[in-house]
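Protein chains in written order, with my numbering: chain A, 54 to 288; chain B, 392 to 475.
Worksheet: one structure, shown below.
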């Protein structure tokens, strides 16, 4: 399978995303001004500061030619992963519910985090199975150790929307107890759309693909899940 | 036509910037300050002012989390160049 990784002016994590994707499949960059998605099977909207975060994070990137193609790709059921700024872009594009607001601590914060996998059966988390840390308890949720680094990561959605999302199983990842530094409602770290083919998260799985340099390779399970989904392997 | 768009966080949404400023003011000796909210101001010249609402809905504000208010400034304030 082939991943396409978008690149905006101001992106800074596209190369890590490209390298992470290349560990499980083929991967290539797609420039923001390019409408042609080059026949890719899945899209990664990477982290960084697209268009300088002017106006609001993701507000301008959402109208780029490449994003117009990604929106059509998502409407047709294509897999779209948004990481950090990419998550903000997907929310601005209304491909995902809610919005990301300034961290409650008003600081850019970078730290390794423990995340709980709420849904281990989605197109993006199906490989987050038994081979990762369960905290020693079989009944505990699977945890991922993945870093986050952002100033605008406080997930917000209206009360009714949140209730609908919880009911529909759209909350995929939560910050583990004590880890929600940005003030996200319901400790939400990652959400998917109703159809389950668009997923966004604030933490950076592409920075946790190698234990030697990332301290954890848990992030790879997100990319591996996407490969399994695209290649049609049974869950 | 000159227009001014005021964008503010919706009521009920936590505004940590406003809270930080609210905490800072008493430290400078200003008492009795409450409910500080911080938003954004966009000023622009527009040919067709009926499009302003659409501009706000689509780009200038995020209606999920922000309220906006459009003010039309009929008379353009004299620029400093005009005085010289």
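Beta carbons are placed, not taken as given, at the ideal position from N, Cα and C, and that holds for glycine.
As the structure is a computational prediction, the values presented were derived from the model and not from experiment.
Subject >> Interface residues of the region 433-467 of chain B facing chain A [CB-CB below 8 Å] >> reply: Listed by position along the chain: 450, 451, 453, 455 and 456.
Original post:
Is residue 431(B) closer than 7 Å to residue 406(B) when the C-beta atoms are compared?
Top reply: Their beta carbons are not under 7 Å apart, which means residue 406(B) does not touch residue 431(B) by this criterion.
Subject >> Cβ shell of residue 197(A) (< 6 Å), same chain only, five flanking positions each side left out >> reply: Closer than 6 Å at Cβ, skipping near neighbours: 168 and 271.
Original post:
Apart from the five residues on each side of it in sequence, which residues of its chain come closer than 6 Å, Cβ to Cβ, to residue 85(A)?
Top reply: Cβ neighbours of residue 85(A) beyond the five flanking positions: 61, 117 and 119.
Original post:
Between the region 231-243 of chain A and chain B, which residues of the former have a C-beta closer than 9 Å to a C-beta of the latter?
Top reply: When C-beta distances to chain B are compared with 9 Å, the residues of the region 231-243 of chain A below that value are 236, in chain order.
Original post:
For residue 97(A), which option in 153(A), 133(A), 163(A) and 174(A) has the closest C-alpha, if you only look at C-alpha atoms?
Top reply: Ranking the options by Cα distance to residue 97(A), first place goes to 133(A).
**OP:** Below 8 Å between beta carbons is the criterion; list the residues of the region 149-166 of chain A that meet it against any residue of chain D, in chain order.
**Re:** In the displayed structure, chain D is absent; the protein chains listed are A and B.
Original post:
Roughly how many whole angstroms lie between the Cα atoms of residue 181(A) and residue 226(A)?
Top reply: Straight-line measurement puts the Cα of residue 226(A) at about 11 Å from the Cα of residue 181(A).
Subject >> Whole-angstrom distance between residue 138(A) and residue 254(A), CA atom to CA atom >> reply: If you take the alpha carbons of residue 254(A) and residue 138(A), they lie about 9 Å apart.
Subject >> 8 Å contact criterion, which residue 57(A) and residue 108(A) should meet: CB distance rounded >> reply: At roughly 26 Å, the Cβ-Cβ gap does not stay under 8 Å, so residue 57(A) and residue 108(A) are not in contact.
Subject >> Contact set for residue 274(A): own chain, Cβ-Cβ below 6 Å, skip 5 residues either direction >> reply: For residue 274(A), where only same-chain residues beyond five positions count, the Cβ hits under 6 Å are 180 and 181.
**OP:** Determine which residues share a DSSP beta bridge with residue 55(A) and list them.
**Re:** Note: residue 55(A) sits in a beta bridge opposite 79(A).
**OP:** Specify the secondary structure class of residue 85(A) as computed by DSSP and reduced to three states.
**Re:** In the structure shown, residue 85(A) sits in coil (DSSP, three-state: anything other than H, G, I, E or B).
Subject >> Unbroken stretches of the alpha helix (DSSP H), 4 residues or longer, contained in the region 127-208 of chain A >> reply: Counting only runs of 4 or more residues that sit fully inside the region 127-208 of chain A, the alpha helix (DSSP H) segments are 138-145, in chain order.
Original post:
In whole angstroms, what is the alpha-carbon distance linking residue 411(B) and residue 425(B)?
Top reply: C-alpha separation (whole angstroms): 11 Å.
**OP:** From the DSSP output, read off the bridge partner residues of residue 463(B).
**Re:** In the DSSP secondary-structure assignment, residue 463(B) is bridged to 394(B).
Original post:
Roughly how many whole angstroms lie between the Cα atoms of residue 146(A) and residue 462(B)?
Top reply: For residue 146(A) and residue 462(B), the distance between alpha carbons rounds to 27 Å.
Subject >> Exposure of residue 260(A), with buried meaning 16 or more beta-carbon neighbours within 10 Å >> reply: Counting every other CB atom within 10 Å of its CB across the protein chains shown gives residue 260(A) a total of 16 or more, marking it as buried.
Original post:
Are the Cβ atoms of residue 142(A) and residue 101(A) separated by less than 7 Å?
Top reply: Taking 7 Å as the Cβ cut-off, residue 142(A) and residue 101(A) do not qualify as a contacting pair.
**OP:** Within its chain, find whatever has a CB closer than 6 Å to the CB of residue 233(A); leave out the 5 residues flanking it on each side and keep chain order.
**Re:** Correct list, in chain order: 240.
Original post:
Along chain A, in chain order, which residues have C-beta atoms closer than 9 Å to that of residue 408(B)?
Top reply: Correct list: 155 and 159.
Original post:
Using the rule of at least 16 other Cβ atoms within 10 Å of the residue's Cβ for burial, across every protein chain shown, is residue 420(B) buried or exposed?
Top reply: Classification of residue 420(B): exposed, given that the 10 Å Cβ count is below 16.
**OP:** Rounded to whole angstroms, what's the CA-CA distance from residue 166(A) to residue 199(A)? Just pull it up for me.
**Re:** Rounded to whole angstroms, residue 166(A) to residue 199(A) spans 5 Å at the Cα level.
Original post:
In terms of alpha-carbon separation, which member of 65(A), 140(A) and 216(A) lies closest to residue 251(A)?
Top reply: Its Cα nearest to that of residue 251(A), the residue 140(A) stands out among 65(A), 140(A) and 216(A).
**OP:** Using alpha carbons as the reference points, say which of 456(B), 457(B), 455(B) and 451(B) lies closest to residue 394(B).
**Re:** It is 451(B) whose Cα lies nearest to the Cα of residue 394(B).
Subject >> residue 421(B) - DSSP class collapsed to helix/strand/coil >> reply: Coil at residue 421(B), not helix or strand.
Subject >> Per DSSP, the bridge partner or partners of residue 104(A) >> reply: For residue 104(A), which the question treats as bridged, DSSP gives no partner whatsoever.
Original post:
For residue 448(B), which residues of its own chain have a beta-carbon under 8 Å away from its beta-carbon, when the five flanking residues on both sides are left out?
Top reply: Answer for residue 448(B): 454, listed in chain order.
**OP:** Grab me the residues of residue 207(A)'s own chain with a C-beta within less than 7 Å of its C-beta, minus the 5 sequence neighbours each way, in chain order.
**Re:** Residues of the same chain with a CB within less than 7 Å of the CB of residue 207(A), apart from the 5 flanking positions on each side, are 153, 154, 155, 156, 157, 235, 236 and 237 in chain order.
**OP:** Measuring only between beta-carbons, confirm whether residue 109(A) sits less than 7 Å from chain B.
**Re:** So, interface residue.
**OP:** Confirm, please, whether the CB-CB distance from residue 54(A) to residue 283(A) is below 7 Å.
**Re:** It is a contact, given that the beta carbons lie within the stated cut-off.
Subject >> Under 7 Å (Cβ pairs) to chain B, residues found in the region 111-130 of chain A >> reply: Within the region 111-130 of chain A, the residues whose Cβ lies closer than 7 Å to some Cβ of chain B are 112, listed in chain order.
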